[in-house]
Amino acid sequence: MHVRTTPLEIRPQLIGLADPVHPLVVQRRGEGVVGLGRTLRWEFHGRRRFAEAAAAWASLVAGATVDDAVRLPGSGLIAFGAFAFSPDSARPSVLEVPSTVIGVREGRAFLTEISTEPFAGPPIVPRVRPYGAEYRIALLPGALDGEGYEAAVADAIGRITAGELEKVVLARDLVGKLPDGADLRRVLCDLALSYADCWTYAVDGLVGASPETLVEARDGLARTRVLAGSSARGADAGQDQAAAVALATSAKDQDEHRFAVQSALTALRARAATVTVSEQPFALKLPNLWHLASDLEATLEPGTTALDLVAALHPTAAVAGSPTEVASALIAELEPSDRGRYAGPVGWLGAHGDGEWAIALRGAQVDDDGRITAHAGAGIVAASSPVQERAETAMKFRPIADAFA
Numbered sequence: 063m064h065v066r067t068t069p070l071e072i073r074p075q076l077i078g079l080a081d082p083v084h085p086l087v088v089q090r091r092g093e094g095v096v097g098l099g100r101t102l103r104w105e106f107h108g109r110r111r112f113a114e115a116a117a118a119w120a121s122l123v124a125g126a127t128v129d130d131a132v133r134l135p136g137s138g139l140i141a142f143g144a145f146a147f148s149p150d151s152a153r154p155s156v157l158e159v160p161s162t163v164i165g166v167r168e169g170r171a172f173l174t175e176i177s178t179e180p181f182a183g184p185p186i187v188p189r190v191r192p193y194g195a196e197y198r199i200a201l202l203p204g205a206l207d208g209e210g211y212e213a214a215v216a217d218a219i220g221r222i223t224a225g226e227l228e229k230v231v232l233a234r235d236l237v238g239k240l241p242d243g244a245d246l247r248r249v250l251c252d253l254a255l256s257y258a259d260c261w262t263y264a265v266d267g268l269v270g271a272s273p274e275t276l277v278e279a280r281d282g283l284a285r286t287r288v289l290a291g292s293s294a295r296g297a298d299a300g301q302d303q304a305a306a307v308a309l310a311t312s313a314k315d316q317d318e319h320r321f322a323v324q325s326a327l328t329a330l331r332a333r334a335a336t337v338t339v340s341e342q343p344f345a346l347k348l349p350n351l352w353h354l355a356s357d358l359e360a361t362l363e364p365g366t367t368a369l370d371l372v373a374a375l376h377p378t379a380a381v382a383g384s385p386t387e388v389a390s391a392l393i394a395e396l397e398p399s400d401r402g403r404y405a406g407p408v409g410w411l412g413a414h415g416d417g418e419w420a421i422a423l424r425g426a427q428v429d430d431d432g433r434i435t436a437h438a439g440a441g442i443v444a445a446s447s448p449v450q451e452r453a454e455t456a457m458k459f460r461p462i463a464d465a466f467a
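Quick note on numbering: the sequence shown equals residues 63 to 467 in the working numbering.
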């Protein structure tokens, strides 16, 4: 494998450069990477999907010749990835190595070319393609409608009250149909503009804008953000502040958040020399929600990669529950359809073990036949209310539903 990264003089608008039908994007606050073409693609299934992906990537990196004149996160040899939530999912986990990557980092732009053949000429800079026609799509209830979801939540509360587990995250789905040849960049642009502080992602048809960082790894340091516990924004400034205070002082949401933080701490401590965490969770403001959030930072053991951390952290209690194995089994029992990559890791992996990975939330899977499947979930604890948890999922559907509409 031959890799060449060169600086670009002009900072591009990344999403505009992406493929309209099969975009490959990971960005936040206007910075990130977009991939074009395909040099390699791997698919993985089952419990060893992360280990097999790590082995395939290490083999590729070992045999690559890299000329990187930029040396920023996302430059050089990288792969985009999206992993299924469950090892039993029929949806494959993927790593894709594009033939071209355009990136923006720290205000600097760069171009990476990846090929199985040596480079014979100067770099060719891709151009923005015209956007396709506008479209408006309504997402409708899928395998689990609102009433069915409330019944599943009530069942879960009964299991928690009986002492089987402490928390479980249950999701429901919405479905739709994308017109033939529709330009998915329109959805990504809407998400990136409306949710600039979130990770706008598109990998193998999985698109969305996630507020939750699974892991950022660079130069031996790793950061993760845990979100668990949420509340709707207020109608005015006073109500909004009251909603944030109510969330921060809610015993139910604090319990839900504590389970999520503890699961992330346990996973990181197995791979890190030191781990620090926010003393208290803080209220994170998004356009449509308040979230309870905690930031964790770890100093990594030598040789630990971003993909190692992805494997260790997934699934967190924020998207599965606690204890994890019991919660995952209950999810499989109460959710009538395969989550696919919903709530799984999505991001990019670098040759030096660096990378940026989000949890695939506030998004949807778009299949080649145009079928759209969106998921949203809520954390269920003993004090949960089926009606309120259904309302929470409705709020969490808003970013992706509005983007398609």
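Each residue gets a CB set at the ideal place from its N, CA and C atoms; glycine is no exception.
Among the options, which has the Cα closest to the Cα of residue i?
i	options	result
Pro-160	Glu-168, Asp-235, Ala-444, Ser-177	Ser-177
Ala-444	Val-231, Glu-387, Asp-302	Val-231
Ala-422	Thr-275, Ala-254, Leu-246, Glu-228	Thr-275
Arg-295	Val-288, Leu-309, Leu-289	Leu-309
Val-269	Leu-70, Ala-436, Ser-446	Ala-436
Asp-302	Ala-258, His-353, Asp-431	His-353
Ala-171	Ala-313, Val-132, Ile-199, Val-190	Val-132
Ala-481	Arg-401, Glu-418, Leu-396	Shown here, the chain extends from 63 to 467; a query on residue 481 therefore has no answer.
Ala-329	Lys-239, Pro-343, Ala-374, Val-215	Ala-374
Asp-370	Val-83, Arg-331, Ala-306	Arg-331
Pro-40	Tyr-211, Arg-111, Ser-312	A query on residue 40 cannot be resolved here, the shown segment of the chain reaching from 63 to 467 and no further.
Asn-73	Ser-312, Glu-179, Arg-189, Arg-320	Looking at the sequence provided, one finds Arg at residue 73 rather than Asn. Cα-wise, what sits closest to Arg-73 is Arg-189.
Pro-203	Gly-415, Ile-442, Ala-438	Ala-438
Val-169	Gly-402, Leu-122, Leu-70, Asp-242	Per the sequence presented here, residue 169 reads as Gly, with Val not at that position. Of Gly-402, Leu-122, Leu-70, Asp-242, the residue nearest in Cα terms is Leu-70.
Ser-356	Leu-327, Gly-365, Gly-417	Leu-327
Pro-82	Ala-216, Ala-456, Tyr-193	Tyr-193
Leu-134	Ala-306, Arg-167, Ala-141, Ala-124	Arg-167
Straight-line CA distance for residue i to residue j?
i	j	result
Glu-363	Ala-334	5 Å
Arg-90	Ala-224	42 Å
Gly-282	Thr-367	9 Å
Trp-104	Glu-359	30 Å
Leu-236	Cys-251	21 Å
Leu-157	Ala-115	7 Å
Leu-392	Ala-440	14 Å
Arg-234	Ala-218	14 Å
Arg-287	Gly-92	20 Å
Ser-155	Ala-205	22 Å
Gly-220	Arg-452	17 Å
Leu-263	Val-408	One detail in the question is off: residue 263 reads as Tyr in this sequence, not Leu. Answer to the nearest angstrom: the Cα atoms are 8 Å apart.
Leu-411	Glu-175	16 Å
Gly-300	Ser-312	18 Å
Gly-402	Leu-173	32 Å
Given residue i, which residues of its chain have a CB within under 6 Å of its CB, disregarding the five upstream and five downstream residues?
i	result
Val-96	Leu-76, Leu-79, Ala-80, Val-87, Ile-164
Ala-244	Tyr-197
Gly-425	Val-269, Gly-270, Ile-462
Ala-389	Leu-227, Val-230, Ala-382, Gly-383
Gly-406	Phe-145, Ala-146, Phe-147, Ala-422
Pro-180	His-64
Measure the beta-carbon distance from residue i to residue j and round it to whole angstroms, keeping in mind my assumption that it falls under 8 Å.
i	j	result
Val-65	Val-128	4 Å
Leu-351	Ser-293	7 Å
Ala-120	Ala-467	Their Cβ separation, rounded to whole angstroms, is 43 Å, which puts Ala-120 and Ala-467 out of contact at 8 Å.
Pro-474	Arg-191	This structure cannot speak to residue 474, because the chain is shown only from 63 to 467.
Ser-151	Asp-400	5 Å
With a threshold of 8 Å on Cβ separation, who are the neighbours of residue i within its own chain once the five nearest residues in sequence on each side are excluded?
i	result
Gly-99	Pro-160, Ser-161, Thr-162
Ser-256	Ala-271, Pro-349, Pro-461, Asp-464, Ala-465
Ala-126	Met-63, His-64, Val-65, Leu-139, Ala-413
Ala-304	Gly-296
Ala-113	Ala-373
Please give the ranges of any alpha helix (DSSP H) in the region 164-246, keeping only runs that are unbroken, at least 4 residues long and fully inside the region. 208-223
Identify every run of the beta strand (DSSP E) within the region 72-134, keeping only runs that are complete inside it and at least 3 residues long; order them along the chain. Listed in chain order, the complete beta strand (DSSP E) runs (minimum 3 residues) inside the region 72-134 are 87-90, 93-98, 102-106, 127-130.
Tell me the start and end of each unbroken beta strand (DSSP E) in the region 260-295 that is at least 3 residues and wholly inside, in chain order. 261-265, 268-272, 275-280, 283-294
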